[in-house]
Amino acid sequence: MNLNIRRPHWNRLRWPLIAGAVVASAIGSAWATGWRVNLTPSEPVGVYRMKPVAADTVIQRGDLIAFCPPVKLEPFMVPGSCPNGGAPFLKEVVGVPGDVVDVTAAGVTINGRMLPMSRPIAHPKDWPGLTLPVDFGETKLGPGQYWTYGSGRPKDSFDSRNWGVVGRDEVHAMQGTAP
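For the sequence shown, position 174 matches number 671 in the working numbering, and the numbering has no gaps at all.
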């Protein structure tokens with residue numbers, strides 16, 4: 498009878514547990530300091546440093562902003578911190594206060610310049626029950642209003658074509674530079 502039964506040795510788990518704790522700590526630190534990973538093609542896939550938007554932060558054309566969209570776009574939204582239960586979107590600002598935005602079936606123009614591949618999208622056949630509100634017509638952006646656009650893959654991006662203007666109060670962060 499062999500009584501030499503092998504028992505688990507917790508020492509063998511020590512280094513994997515330490516390595517896991519170090520990785521988890523690094524990810525938590527990166528998240529806490531504003532680093533975010535974008536895995537959707539509507540903006541280039543990659544790692545972005547986001548900084549909080551203060552009351553005096555100036556948002557300009559070309560800035561990447563993180564904001565809570567005013568509508569819930571199921572099944573495309575992942576759970577997150579927005580009031581509608583979804584995660585903030587990352588989009589490029591293409592229209593700023595004072596700009597004239599015109600949405601037609603042919604596409605979106607900002608101050609008379611057509612955005613590439615900007616025809617409003619509608620997927621009623623692909624996604625039954627999904628409603629994509631599109632307001633056709635011309636709008637002059639007022640103070641604190643922005644027009645967003647998925648410049649990475651605009652043809653299929655959910656952006657202001659689907660929900661209209663993004664208000665300043667919906668913007669939580671914008672791409673910044675490392676300190």
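Cβ coordinates follow ideal geometry from the N, Cα and C atoms, glycine included.
Checklist entry - Just the Cα atoms here: how many angstroms apart are V593 and V542? => result 25 angstroms
Checklist entry - Any idea what DSSP makes of A563, helix, strand or coil? => result strand
Checklist entry - From K652, L638, D656, pick the residue whose C-alpha is nearest to that of Y646; which is it? => result D656
Checklist entry - Is Q642 buried or exposed, if buried means 16 or more other CB atoms sit within 10 Å of its CB? => result buried
Checklist entry - Which term fits N659, buried or exposed, when burial requires 16 or more other beta carbons within 10 angstroms of its beta carbon? => result buried
Checklist entry - How should W512 be labelled, buried or exposed, when 16 other C-beta atoms within 10 angstroms of its C-beta is the threshold for buried? => result exposed
Next on the checklist: Assuming P549 is part of the alpha helix (DSSP H), what are its boundary residues?
Outcome noted: Taken as a continuous stretch (DSSP letters only), P549 belongs to no alpha helix (DSSP H), being part of the beta strand (DSSP E) at 543 to 549.
Item to check | Nearest residue (CA-CA) to P640, options P617, A603, G664 | outcome: G664
Checklist entry - Around the Cβ of D653, are there at least 16 other Cβ atoms within 10 angstroms (buried) or fewer (exposed)? => result exposed
Item to check | Straight-line Cα distance separating K588 from S648 | outcome: 8 angstroms
Next on the checklist: Quick check on V591: does DSSP put it in helix, strand or coil?
Outcome noted: strand
Checklist entry - Does DSSP put I556 in a helix, in a strand, or in coil? => result coil
Next on the checklist: On a Cα-Cα basis, can you pick out the residue from V590, I515, V598, T606 that is closest to Q557?
Outcome noted: V590
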